[in-house]
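Q:
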Amino acid sequence: MDILRFITAGNVDDGKSTLIGRLLYDTKQIFADQLEAIESSGRLNEDGQVDLSLLTDGLKAEREQGITIDVAYKYFSTEKRKFIIADAPGHIQYTRNMVTGASNSNLSIILVDARKGVQEQTRRHSIISSLLGIPHLVICINKMDLVGYEEQVYNQIVEDYKQFAKKLRAKEITFIPVSALKGDNIVEGSELTMPWYKGPSLLEHLEQVPVSQDFNLEDARFPVQYVIRPLTAEHHDYRGYAGKVISGTYKAGDKVTVQPSGQTSTIKSVELGGQVLEEAFAPMSVVLQLEDDVDISRGDMIVKAAENLEVAQEFEAEVCWMHNKALKPGAKLLLRHNSTETRCVVRNIDYKIDINTLDHLEDVDQIQLNDICRVQIKAASPLLLDKYADNRANGGFILVDETSFATVGAGMVAEIEY
1 MDILRFITAG NVDDGKSTLI GRLLYDTKQI FADQLEAIES SGRLNEDGQV DLSLLTDGLK
61 AEREQGITID VAYKYFSTEK RKFIIADAPG HIQYTRNMVT GASNSNLSII LVDARKGVQE
121 QTRRHSIISS LLGIPHLVIC INKMDLVGYE EQVYNQIVED YKQFAKKLRA KEITFIPVSA
181 LKGDNIVEGS ELTMPWYKGP SLLEHLEQVP VSQDFNLEDA RFPVQYVIRP LTAEHHDYRG
241 YAGKVISGTY KAGDKVTVQP SGQTSTIKSV ELGGQVLEEA FAPMSVVLQL EDDVDISRGD
301 MIVKAAENLE VAQEFEAEVC WMHNKALKPG AKLLLRHNST ETRCVVRNID YKIDINTLDH
361 LEDVDQIQLN DICRVQIKAA SPLLLDKYAD NRANGGFILV DETSFATVGA GMVAEIEY
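In case it helps, UniProt numbering puts the sequence shown at residues 1 to 418.
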């Protein structure tokens, strides 16, 4: 079974946590003790039913304020697929939390309150999802019960969003009218309340979204995490390179190049759990053996020789700043890219991105918490990078403070200078 990772986002009080709670409740994924805990809390909805948002709002402050602050992860499965849900906060001051939850997602559910229509945070989270390269967007028009399940209200919101979405990079946008509180169109269809809607329910759509197509199987990238040398009598000369195939495919006989050294060899075998595989593909974690004894260490990247790739130290990137201390030109930071860590300097801030309009705000001398900007970076060591738009798995990185080791930024490679 494949796994669909998705995030829920949207404006404050649009019903993100309630939607996830309803999804878990109606698919019978809630343990008895969990249900007893939220029933004993005494928090009920207007119709006297248990408040299902408590299933995801786990922090004390979240329960007290009725909002989401941190990203909450939930897991469930059906007969067709496994799911990992990230419930992201809606407040503007928690934008960095939303970026964290969205970075590994295949799909983003953006909730819209049917009474209010497309709001600022709706646009903000849609743009962030687009910037992060999430291929599938699902726009859930929630609280349809509060507008009498009117088709005209739904159609107007769809039209408004489509006008805004012309600026986005999303490959696929799907619209679904729902009522998370009542359970309409979440797991089961809504023939009684919304007979005018002929599409799938939310769960049906989530089960059908093609996930395998989202992986880049063309550009082979294998960052080495660990060199295996048992040095036992049975495996005296064994040398294996453990890591994760973040994109592309590998099989025995493939001619490969080790970057940044440029040494070449041929794959002798591909192993998983002591068993030899015919082929490994993203996102499998495997061990590669090469025909030659090549000097390889953690942080090196094994790629297909035919791709003739080059390493680079200077590049441009879009960065979401995640620290209270402002980012300024000349800042020296640690850069972590896959299993590689190197020092870097932010040479220049080209512009800040207005994440409500996607406009470029130039002549900016510093970047504040939750801002997204375009910067020029120079790394101390050569890196094998891809543009984030071409290969999400090899185009992302994080920035770390050199003294506190706090993660201060998440970046996406935009342009590479060779």
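Positions of the beta carbon are idealized from the N, C-alpha and C atoms, including for glycine.
This one's a predicted model, so the numbers in the text were calculated from it and none came from an experiment.
Are the beta-carbon atoms of N106 and A393 separated by less than 8 Å?
A: Numbered from its first residue, the sequence shown carries residue 106 at position 106. Numbered from its first residue, the sequence shown carries residue 393 at position 393. Going by C-beta atoms, N106 is not nearer than 8 Å to A393.
Q: Please report the straight-line C-alpha distance between T266 and I84, rounded to a whole angstrom.
A: What you label residue 266 is simply residue 266 of the sequence shown in a count that begins at 1. What you label residue 84 is simply residue 84 of the sequence shown in a count that begins at 1. Each residue's alpha carbon lies about 37 Å from the other.
Q: With a cut-off of 8 Å, do at least 3 Cβ pairs link the segment 227-235 to the segment 287-301?
A: Because the criterion of three Cβ pairs below 8 Å is met, the segment 227-235 and the segment 287-301 touch.
Q: Consult DSSP for T122 and reduce its assignment to one of helix, strand or coil.
A: Working through the sequence shown from its first residue, we reach residue 122 at position 122. Three-state result, T122: helix.
Q: Give me, in chain order, the residues of the same chain whose beta-carbon lies closer than 7 Å to that of Y149; leave out the 5 immediate sequence neighbours on both sides.
A: Walking along the sequence shown from the start, residue 149 turns up at place 149. Only T193, M194 meet the Cβ criterion.
Q: Please list, in chain order, all residues of the same chain as L361 whose beta carbon is under 7 Å from its beta carbon, the five residues on each side excluded.
A: Here residue 361 refers to the residue found at position 361 when the sequence shown is read from its first residue. Y351, K352, D354, listed in sequence order.
Q: For Q29, which residues from the same chain have a beta carbon less than 6 Å from its beta carbon, with the 5 sequence-adjacent residues on both sides left out?
A: Numbered from its first residue, the sequence shown carries residue 29 at position 29. Taken in chain order, the residues that qualify are F76.
Q: For the beta strand (DSSP E) containing Q152, list its first residue and its last residue.
A: By one-based count along the sequence shown, residue 152 stands at place 152. Not the beta strand (DSSP E): Q152 falls in the alpha helix (DSSP H), residues 151-165.
Q: With distances taken Cα to Cα, identify the nearest neighbour of A165 among H125, L181, P177.
A: In the sequence shown, residue 165 corresponds to position 165, counting from 1. Per the Cα distances, H125.
Q: Could you tell me whether the segment 200-219 touches the segment 254-270, where touching means 3 or more Cβ pairs closer than 8 Å?
A: No, they do not touch.
Q: Just to confirm the assignment, what range does the alpha helix (DSSP H) spanning Y25 have?
A: Here residue 25 refers to the residue found at position 25 of the sequence shown. From DSSP, the alpha helix (DSSP H) with Y25 extends over 16-26.
Q: Could you name the residues that DSSP lists as bridge partners for A86?
A: In the sequence shown, the residue the question calls residue 86 occupies position 86. The partner list for A86 (beta bridge, DSSP) reads I7, Y73.
Q: Taking all protein chains shown into account, decide if F6 is buried (16 or more other Cβ within 10 angstroms of its Cβ) or exposed.
A: Within the sequence shown, residue 6 is the residue found at index 6, counting from 1. That one is buried.
Q: By how many angstroms is the C-alpha of D14 removed from the C-alpha of E319?
A: Stepping through the sequence shown from its first residue, residue 319 is reached at position 319. Stepping through the sequence shown from its first residue, residue 14 is reached at position 14. It is worth fixing the name first, because residue 319 is Val in this sequence and not Glu. So the alpha carbons of these two residues sit roughly 27 Å apart.
Q: What span of residues does the alpha helix (DSSP H) with E316 cover, start to end?
A: Translated into the one-based positions of the sequence shown, residue 316 becomes position 316. Run containing E316: none in the alpha helix (DSSP H); it sits in the beta strand (DSSP E), 312-321.
Q: So what's V209 in DSSP terms, helix, strand or just coil?
A: The sequence position of residue 209 within the sequence shown is 209, counting from 1. Note: V209 maps to coil in three-state DSSP.
Q: DSSP has H360 in a bridge; who is on the other side?
A: The residue labelled residue 360 in the question sits at position 360 within the sequence shown. Per DSSP, I353.
Q: State the DSSP-derived secondary structure class of Q65, mapped to helix, strand or coil.
A: Here the question's residue 65 lines up with position 65 in the sequence shown. Note that Q65 has pLDDT 47, beneath the 50 cutoff, so the model's placement of it is unreliable and the number below is only indicative. In this structure, Q65 counts as helix in the three-state DSSP scheme.
Q: Helix, strand or coil for T174 per DSSP?
A: In the sequence shown, residue 174 corresponds to position 174, counting from 1. Of the three classes helix, strand and coil, the one that applies to T174 here is strand, per DSSP.
Q: Looking only at C-alpha atoms, which of T95, D145, I127 sits nearest to R115?
A: If you number the sequence shown from 1, residue 115 lands on position 115. It is D145 whose Cα lies nearest to the Cα of R115.
Q: Exposed or buried, which one is I127 when buried takes at least 16 other CB atoms within 10 Å?
A: Taking the sequence shown and counting its residues from 1, the one referred to as residue 127 is at position 127. Per the 10 Å Cβ criterion, buried.
Q: Of all the beta strand (DSSP E) runs that stay within the bounds of the segment 224-312, which reach a length of 3 or more residues?
A: Fully enclosed beta strand (DSSP E) runs of 3 or longer: 240-244, 249-251, 255-259, 263-272, 275-277, 279-281, 285-290, 301-304.
Q: Touch check for the segment 294-307 and the segment 360-379: three-plus C-beta pairs under 8 Å?
A: The segment 294-307 vs the segment 360-379: no contact.
Q: Can you give the Cα-Cα distance for D347 and A379, rounded to whole angstroms?
A: For the purposes of this step, residue 347 is taken as residue 347 along the sequence shown, with counting starting at 1. For the purposes of this step, residue 379 is taken as residue 379 along the sequence shown, with counting starting at 1. Looking at the sequence itself, residue 347 is Arg, so the reference to Asp does not match. Cα to Cα, the separation comes out at about 10 Å.
Q: Compare the C-alpha of F222 against each of V211, E207, E234, A242 and name the closest.
A: Residue numbering aside, residue 222 sits at position 222 when the sequence shown is read from its first letter. The shortest C-alpha separation from F222 is found at A242.
Q: Please report how far the alpha carbon of A410 lies from the alpha carbon of A233, in whole angstroms.
A: For the purposes of this step, residue 410 is taken as residue 410 along the sequence shown, with counting starting at 1. For the purposes of this step, residue 233 is taken as residue 233 along the sequence shown, with counting starting at 1. Using only the alpha carbons, I get a separation of about 45 Å.
Q: Starting from F397, follow its DSSP beta bridges and name the residues at the other end.
A: Numbered from 1 along the sequence shown, position 397 holds the residue referred to as residue 397. In DSSP, F397 forms a bridge with G411.
Q: So what does DSSP say about D214, is it helix, strand or coil?
A: The residue labelled residue 214 in the question sits at position 214 within the sequence shown. Helix, per DSSP.
Q: Is M1 buried or exposed, if buried means 16 or more other CB atoms sit within 10 Å of its CB?
A: Reading the sequence shown from its first residue, position 1 is the one you call residue 1. Exposed.
Q: Just to confirm before moving on: does the CB-CB distance between A406 and H323 stay below 8 Å?
A: Within the sequence shown, numbered from 1, the residue matching residue 406 stands at position 406. Within the sequence shown, numbered from 1, the residue matching residue 323 stands at position 323. Yes.
Q: For K167, which residues in the same chain have their Cβ closer than 7 Å to its Cβ, ignoring the five residues on either side in sequence?
A: Position 167 of the sequence shown, counted from the first residue, corresponds to residue 167. So the qualifying residues of the chain are L358.
Q: Report the rounded CA-to-CA distance for A312 versus P382, giving the unit in angstroms.
A: Mapped onto the sequence shown, residue 312 falls at position 312. Mapped onto the sequence shown, residue 382 falls at position 382. Their Cα atoms are separated by approximately 5 Å.
Q: Relative to the C-alpha of L24, which candidate in E188, I302, N155 has its C-alpha closest?
A: Indexing the sequence shown from 1 puts residue 24 at position 24. When only C-alpha atoms are compared, the closest one is E188.
Q: Flag this pair as yes or no: are the beta carbons of P283 and V256 separated by less than 8 Å?
A: Against the sequence shown, residue 283 aligns to sequence position 283. Against the sequence shown, residue 256 aligns to sequence position 256. Cβ distance not < 8 Å, so P283 and V256 don't count as in contact.
Q: Helix, strand or coil: how does DSSP classify I30 here?
A: Start at 1 with the first residue of the sequence shown, and residue 30 comes out as number 30. Residue state, collapsed to three classes: coil.
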